[in-house]
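Asker: What follows is a structure written as structure tokens; I'll ask about it next.
Below you can see the structure in the form of structure tokens.
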């Protein structure tokens, strides 16, 4: 469907008679130039074509086996909720919705299996509930809110044998605390902050005597942020004590905790080293055995006999506690993608993949049975989205574990499976290249060759979060701006499709600023800096030689927030900061020649692109363009309100058509600026 936000000639003619004349008179009075264009049969404003939901799937972020049913928490779809996948029948048999939040990362059940507790991730804090409880004896009744922990996000839950619920998370201005919900009183209370330097807690486990709290700084690392910490909270004495094995010290955070018999199993999320798994004696917390794992993640702990099974970023791990060794479990050709649940069910493992399926894996043989959740009855709905690219007759939109390929010719939409998230992307010569989170490097897909999307370049795992991509037509290289979540700072990647070679330059701006934006002209790349820490430098722009990997010059924008986006038109570099600060840099003079405050249009993150001599920008709320001479702003689409998960995006195809989101739908915008710039 196409529409124009201004009165079109078609609308006037269809109105007919007096109504048509009245509409035409109103247009002449309001905008004589538009009326003249209308009379001449020329379009008077941008044409917006709705291409339908950008990415549709059953997105998920957690899973827990209770009895014969795997309960699975949704991610980035509406409504937020939990489904129950019944293993014997391999169908979705129950579901519930929750009243707040965009995703569910935390699930826990009481020892009786009656109550399922649900923890919510939210975009903003407040008094609304982020804890819910679902009575599984009456699953037809909805989950009910039971309160809120003071941290914005609930990342993990655990229920002690006595029925007390414990929660951890993060996302607030203070360090994460240990929270308790007493089902008898219905009260949620803080038991304290054990480590003031942590930025995120993702692991909790509980007995009737103690609660175990695992945290660190997987998000917002670097600087003064803490590393992996593990505390025992004595429930009787109400005191914390550190029990972290010294071997955890190099890793940014504790990733998972589980009580297995008389032992506490603790794992880490690593950065520069492999992750670790410790098995700790509950009777003597100083007594433990430790194994170095495989890969950077060890999570989702399940036990069968003397074997512990965990997920890493490439599949399943087998930890033999008898020998103390960890091996990668061979599952044949099965690609499990990002795993959000591993539970023991008899002698098999119920593995829940972000690709939207449940795999029942026999660890003895590696054989499996896979059930697609959508086919089993899970609700499929539009997701919030990541990166976006257009060209070669297709538009690609990133989701969780999928990249939706929209055909501009037929309208067909196909979800390409890809681990993690395509944070940004470009189409070069009809071939898609993505910057893939988490620590997945650069991936490529050629629709003409019919091969699956695949990785073409890998980089150091701590350089994990691609944020912006652009194509350097002089050196014929893809440029990718990157953030390091765990170490602070960031990097700039290059990839040459002709030779399949790549380079990385770590911390090109300084040792604290990540590279959030990249633009290029005449073989010079321009990098825009930001800082994940609350204090320290941000907003620096540097000119960078991507071949020699050296700085040419730099300029400080002097604005309080970091760079959100960069674009180049002629001799001018446009720099838009988070929350709408705007500067224009004359690349010949190497000086700032224009500043403005566009916060009314840009309350947070933004993206920009140059299109036929004009720079366009999009925020979470608005699509607009800049006059190439005066830099004044003209709104192209107000209230576009794109449903972006991690910052807005826009891109253009070879014909100059603009693509972005309006709500959760992909839209094509054809804009025709007047010669005067529209003013």
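Numbering (mature numbering (1 follows the signal peptide of the UniProt record, and there is no 0)), first residue to last: -25 to -1, 1 to 654.
Each residue gets a CB set at the ideal place from its N, CA and C atoms; glycine is no exception.
1. Label residue 175 either buried or exposed according to how many other C-beta atoms from any shown protein chain fall within 10 Å of its C-beta, with 16 as the threshold for buried.
2. Going along the chain, which residues of its own chain have a beta-carbon closer than 7 Å to the beta-carbon of residue 290, five neighbours each way excluded?
3. Have a look at the DSSP bridge pairing and note the partners of residue 48.
4. Under DSSP, the alpha helix (DSSP H) around residue 348 begins and ends at which residues?
5. When burial is assigned at 16 or more other CB atoms within 10 Å of the CB, is residue 300 buried or exposed?
6. If I'm right that residue 251 touches residue 243 with Cβ under 8 Å, what's the distance once you round it to whole angstroms?
7. Please list the segments of the beta strand (DSSP E) lying wholly inside the stretch 67 to 139, counting only runs of 3 or more residues, in order along the chain.
8. If you measure from the CB of residue 241, is any heavy atom of the ligand MN nearer than 7 Å?
9. Can you have a look at residue 357 and say buried or exposed, based on whether 16 or more other CB atoms are within 10 angstroms of its CB?
10. Judging by CA-CA distance, which residue of 75, 210, 208 and 335 is the nearest neighbour of residue 656?
11. Judging by CA-CA distance, which residue of 369, 393 and 618 is the nearest neighbour of residue 385?
12. Would residue 402 count as contacting chain C if we go by Cβ distances under 8 Å?
13. Measure the alpha-carbon distance for residue 272 versus residue 610 and round it to whole angstroms.
14. Find the nearest neighbour of residue 330 within the set 345, 338 and 482, judged by alpha-carbon distance.
15. Under 8 Å by Cβ, that's how I've got residue 327 and residue 315 pegged, so tell me the actual separation to the nearest angstrom.
16. According to DSSP, simplified to helix, strand and coil, what is residue 225?
17. So the beta strand (DSSP E) residue 641 belongs to, where does it begin and stop?
18. Tell me whether residue 554 is buried or exposed, calling it buried when 16 or more other Cβ atoms sit within 10 Å of its Cβ.
19. Relative to the alpha-carbon of residue 69, which residue among 61, 459 and 75 has its alpha-carbon at the smallest distance?
20. Could you spell out where the beta strand (DSSP E) holding residue 181 opens and where it closes?
21. Per DSSP, which one or two residues make a beta bridge with residue 411?
22. Going by DSSP, what residues sit across from residue 144 in a beta bridge?
23. Using only CA atoms, which one of 354, 442 and 284 lies nearest to residue 337?
24. Are residue 551 and residue 560 closer than 8 Å when you measure CB to CB?
25. Out of 83, 185, 587 and 621, which has the shortest C-alpha to C-alpha gap to residue 631?
26. Going along the chain, which unbroken runs of the alpha helix (DSSP H) with 4 or more residues stay wholly within the stretch 587 to 643?
27. Within a Cβ cutoff of 6 Å, which residues of the same chain sit near residue 571, ignoring the five residues on either side of it in sequence?
28. Assign residue 426 to one of two classes, buried (16 or more other C-beta atoms within 10 Å of its C-beta) or exposed (fewer than that).
29. For the beta strand (DSSP E) containing residue 251, name the first residue and the last one.
30. Pick out whichever of 514, 247, 413 and 165 has its Cα sitting closest to the Cα of residue 537.
31. Using 8 Å for Cβ pairs, my map puts residue 626 next to residue 219. What's the rounded Cβ distance?
32. Taking 7 Å as the limit between beta carbons, can you name the residues of its chain near residue 228, skipping five residues before and five after?
33. State buried or exposed for residue 28, treating a residue as buried only when at least 16 other CB atoms are found within 10 Å of its CB.
34. So the beta strand (DSSP E) residue 549 belongs to, where does it begin and stop?
35. Taking all protein chains shown into account, do 16 or more other C-beta atoms lie within 10 angstroms of the C-beta of residue 374, making it buried, or fewer, making it exposed?
36. Okay, do the stretch 483 to 497 and the stretch 444 to 463 touch, 3+ Cβ pairs below 8 Å being the bar?
Answerer: For this structure:
1. Within the chain shown, residue 175 is the residue found at index 200, counting from 1. So residue 175 ends up on the buried side.
2. Here residue 290 is taken as the residue at index 315 of the chain shown, counted from 1. The residues are 303, 304, 306 and 311.
3. As a first step, residue 48 is located in the chain shown; it is residue number 73 there, counting from the start. As a beta-bridge residue in DSSP terms, residue 48 pairs with 37 and 57.
4. Within the chain shown, numbered from 1, the residue matching residue 348 stands at position 373. Residue 348 -> alpha helix (DSSP H) spans 348 to 351.
5. Mapped onto the chain shown, residue 300 falls at position 325. Under this definition residue 300 is an exposed residue.
6. If you number the chain shown from 1, residue 251 lands on position 276. If you number the chain shown from 1, residue 243 lands on position 268. That pair is a contact at about 5 Å.
7. Note on the stretch 67 to 139: whole beta strand (DSSP E) runs with a minimum of 3 residues are 78 to 84, 90 to 96, 106 to 110, 119 to 122 and 128 to 134, in chain order.
8. For the ligand MN, the structure offers nothing, since it holds no ligand at all.
9. Translated into the one-based positions of the chain shown, residue 357 becomes position 382. Flag for residue 357 reads buried.
10. Any question about residue 656 goes unanswered here, given that the chain covers just -25 to 654.
11. For this step, residue 385 is matched to residue 410 along the chain shown. Closest option to residue 385, Cα to Cα, is 369.
12. The structure shown has no chain C; it contains just one protein chain.
13. Working through the chain shown from its first residue, we reach residue 272 at position 297. Working through the chain shown from its first residue, we reach residue 610 at position 635. Taking the straight line joining both Cα atoms gives about 44 Å.
14. Looking up residue 330 in the chain shown gives position 355. Restricting attention to 345, 338 and 482, the CA atom closest to the CA of residue 330 is found in 345.
15. Residue 327 sits at position 352 when you count from the first residue of the chain shown. Residue 315 sits at position 340 when you count from the first residue of the chain shown. Between residue 315 and residue 327 the Cβ distance is about 5 Å, and since that is below 8 Å, they are a contact.
16. Residue numbering aside, residue 225 sits at position 250 when the chain shown is read from its first letter. Assignment of residue 225 by DSSP, reduced to helix, strand and coil, places it in the helix class.
17. For the purposes of this step, residue 641 is taken as residue 666 along the chain shown, with counting starting at 1. Segment 640 to 645, the beta strand (DSSP E) holding residue 641.
18. Position 579 of the chain shown, counted from the first residue, corresponds to residue 554. Buried: at least 16 other Cβ atoms inside 10 Å.
19. Along the chain shown, one-based indexing puts residue 69 at 94. Checked all of 61, 459 and 75; the closest Cα to residue 69 is 61.
20. Locating residue 181 in the chain shown gives position 206, counting from the first residue. Element bounds for residue 181: 175 to 181.
21. In the chain shown, counting from the first residue as 1, residue 411 sits at position 436. In the DSSP secondary-structure assignment, residue 411 is bridged to 397 and 416.
22. If you number the chain shown from 1, residue 144 lands on position 169. According to DSSP, which records beta bridges pairwise, residue 144 is partnered with 129.
23. Taking the chain shown and counting its residues from 1, one reaches residue 337 at position 362. Answer by Cα proximity: 284.
24. Taking the chain shown and counting its residues from 1, the one referred to as residue 551 is at position 576. Taking the chain shown and counting its residues from 1, the one referred to as residue 560 is at position 585. Not in contact: residue 551 and residue 560 (Cβ atoms no closer than 8 Å).
25. As a working mapping, residue 631 is identified with position 656 in the chain shown. Answer by Cα proximity: 587.
26. none
27. Here residue 571 refers to the residue found at position 596 when the chain shown is read from its first residue. So the list reads 557, once near-sequence residues are dropped.
28. Position 451 of the chain shown, counting from 1, holds the residue named residue 426. Residue 426 comes out exposed.
29. Here the question's residue 251 lines up with position 276 in the chain shown. 251 to 256 is the extent of the beta strand (DSSP E) around residue 251.
30. Within the chain shown, the letter at position 562 stands for residue 537. For residue 537, the nearest C-alpha among the options comes from 514.
31. Translated into the one-based positions of the chain shown, residue 626 becomes position 651. Translated into the one-based positions of the chain shown, residue 219 becomes position 244. The Cβ separation is near 45 Å, so there is no contact.
32. Position 253 of the chain shown holds residue 228. Cβ within range, chain order: 175, 177, 190, 191, 192, 193, 203, 243 and 244.
33. Sequence index remark: in the chain shown, residue 28 carries index 53 (1-based). Residue 28 comes out buried.
34. As a first step, residue 549 is located in the chain shown; it is residue number 574 there, counting from the start. 547 to 552 is the span of the beta strand (DSSP E), which, as asked, contains residue 549.
35. Residue 374 sits at position 399 when you count from the first residue of the chain shown. That one is buried.
36. yes
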